[in-house]
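Here the sequence shown stands for residues 0 to 271, where the numbers follow numbering that gives the first Met the number 0.
Report on the following structure.
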Amino acid sequence: MATDVQAATDAVRARLKGRVPTVAIVLGSGLGPLADQVADPLRIPYTEIPGFHVPTVPGHKGELVCGTLGGKTVLCQSGRFHAYEGHSADVTVLPVRMFGALGIGTVILTNAAGGVNPKFGPGTLMLIADHINLTGRNPLVGPQREGETRFPDMTSAYDKALKALARKVAKERGVALAEGVYMGLLGPTYETPAEVKFIATLGGDAVGMSTVLEVIAARARGMKCLGISTITNAAAGISDQELNHNEVMEVAAKVGGELGRLVEGIVAGLSA
Ligand code: HPA
């Protein structure tokens, strides 16, 4: 195993004190409070994990939280590394590679995104049906890593059974869940209205600056992925309003409870 993954995994495993998480949950901008839902939390600050950086973006905390949710032992990643912060693709996906090395088989990724589809207004929860990676990056570029497939199939980047489970839980719990294609861009600028038109033309329903690289790394290691976007704003040009990160965090916080109920139900419904 490459030393960056090994070092992070060894440090986390030592701090888990025998706990064995089976599901990882990656928390997007402003969605950190989801980690407060886990029972019996054990917190591991990023400062104690080799290769992990302290997040520079407001709304991203910088700790792993292991605890019980929906009857399973979960590991929440509260604070992401984005390529726009200047991180390499390897750093961006280090947590996901570490999840795989810990033996975690399922990754639930959440994010904040702009609504490109005019039907998806602020506060919409969108199940990620599929993604388009327009970041210009790919974490698999370079020598093939141990435990990773050289040419991963991306037909089911977002696992079919997990998507069906998410739809079922949303229905049961009365949570409105839209579905669409997530377009991952590098950022950190929000898009121009012309770029948003371009994204819509290409089949994107939502746009954001995360998730796609993590899903690629997870698939290369055979982990199953589920993605849920919180639409925090209409993408540029869809409405007249200017975009800012505070608004993104505010809306994410407002629907956080709803997202939490959905994620808890999904975790409870997982077979492993
Ligand atoms: N564009 C890109 N990323 C985002 C947006 C957006 O409109 N909203 C939240 N993250």
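Backbone N, C-alpha and C define an ideal beta-carbon position, used for all residues, glycine too.
Every value quoted in this text rests on a predicted model; they were computed, and no experiment measured them.
Contacting residues, own chain, Cβ-Cβ under 6 angstroms from residue i (five flanking each side not counted)
{"i": "Phe51", "result": "Tyr45"}
{"i": "Gly61", "result": "Tyr45, Val53, Pro54, Gly78"}
{"i": "Glu257", "result": "Val174"}
{"i": "Ile198", "result": "Val115, Met182, Val206"}
{"i": "Ala219", "result": "Leu139, Glu147, Thr148, Pro151"}
{"i": "Pro94", "result": "Gln76"}
{"i": "Ala177", "result": "Phe119, Thr123, Met125"}
{"i": "Gly113", "result": "Val206, Asn232, Ala234"}
Sequence-distant residues of the same chain with beta carbon closer than 7 angstroms to residue i, five excluded per side
{"i": "Glu263", "result": "Gln36, Leu68, Gly69"}
{"i": "Val92", "result": "Pro138, Leu212, Glu213, Ala216"}
{"i": "Tyr157", "result": "Ile127, Ala128, Asp129, Cys224, Leu225, Gly226"}
{"i": "Val168", "result": "Leu261, Gly264, Ile265, Gly268"}
{"i": "Lys71", "result": "Thr21, Val22, Val266, Leu269"}
Sheet register partners of residue i (DSSP bridge)
{"i": "Asn232", "result": "Gly113"}
{"i": "Asn132", "result": "Gly183"}
{"i": "Ser238", "result": "Ala235"}
{"i": "Val106", "result": "Ala23, Cys224"}
{"i": "Thr191", "result": "According to DSSP, Thr191 bridges with nothing at all."}
{"i": "Gly66", "result": "Val73"}
{"i": "Arg42", "result": "Val64"}
Secondary structure of residue i, DSSP reduced to three states
{"i": "Asn243", "result": "coil"}
{"i": "Gly202", "result": "coil"}
{"i": "Pro94", "result": "helix"}
{"i": "Asp152", "result": "coil"}
{"i": "Ile265", "result": "helix"}
{"i": "Gly99", "result": "helix"}
{"i": "Glu178", "result": "strand"}
{"i": "Gln76", "result": "strand"}
{"i": "Thr250", "result": "Per the sequence presented here, residue 250 reads as Val, with Thr not at that position. In this structure, Val250 counts as helix in the three-state DSSP scheme."}
{"i": "Leu161", "result": "helix"}
{"i": "Lys60", "result": "coil"}
{"i": "Thr2", "result": "helix"}
{"i": "Val37", "result": "coil"}
{"i": "Val11", "result": "helix"}
{"i": "Lys16", "result": "coil"}
{"i": "Gly122", "result": "coil"}
{"i": "Gly207", "result": "strand"}
{"i": "Ile48", "result": "coil"}
Buried versus exposed call for residue i [16 or more other C-beta atoms within 10 Å across all chains shown]
{"i": "Ala100", "result": "buried"}
{"i": "Val358", "result": "Outside the shown range of the chain, which is 0 to 271, sits residue 358, and nothing can be said about it."}
{"i": "Ser209", "result": "buried"}
{"i": "Arg96", "result": "buried"}
{"i": "Gly203", "result": "buried"}
{"i": "Glu171", "result": "exposed"}
{"i": "Lys159", "result": "exposed"}
{"i": "Thr105", "result": "buried"}
{"i": "Asp286", "result": "The question about residue 286 has no answer here: the residues shown for the chain are numbered 0 through 271."}
Nonlocal neighbours in the same chain, by C-beta distance under 8 angstroms from residue i, ignoring five residues either side
{"i": "Val73", "result": "Pro20, Thr21, Val22, Ala23, Ile24, Val37, Cys65, Gly66, Thr67, Val266"}
{"i": "Ala251", "result": "Gly27, Ser28, Gly29, Leu30, Gly58, Ala111, Thr229, Thr231"}
{"i": "Asn273", "result": "For the chain, the structure presents residues 0 to 271; residue 273 sits outside this window and is missing."}
{"i": "Pro49", "result": "Asp3, Ala6, Ala7, Ala10"}
{"i": "Lys196", "result": "Gly236"}
{"i": "Val273", "result": "In the structure as shown, the chain begins at 0 and stops at 271. Residue 273 is therefore absent and cannot be evaluated."}
> When a residue counts only if its C-beta is closer than 7 angstroms to some heavy atom of the ligand HPA, which residues count, in chain order?
Replying inline: Ser28, Ala111, Ala112, Gly113, Leu184, Gly186, Tyr189, Glu190, Val206, Gly207, Met208, Thr231, Asn232, Ala234, Ala235, Leu242, Val247
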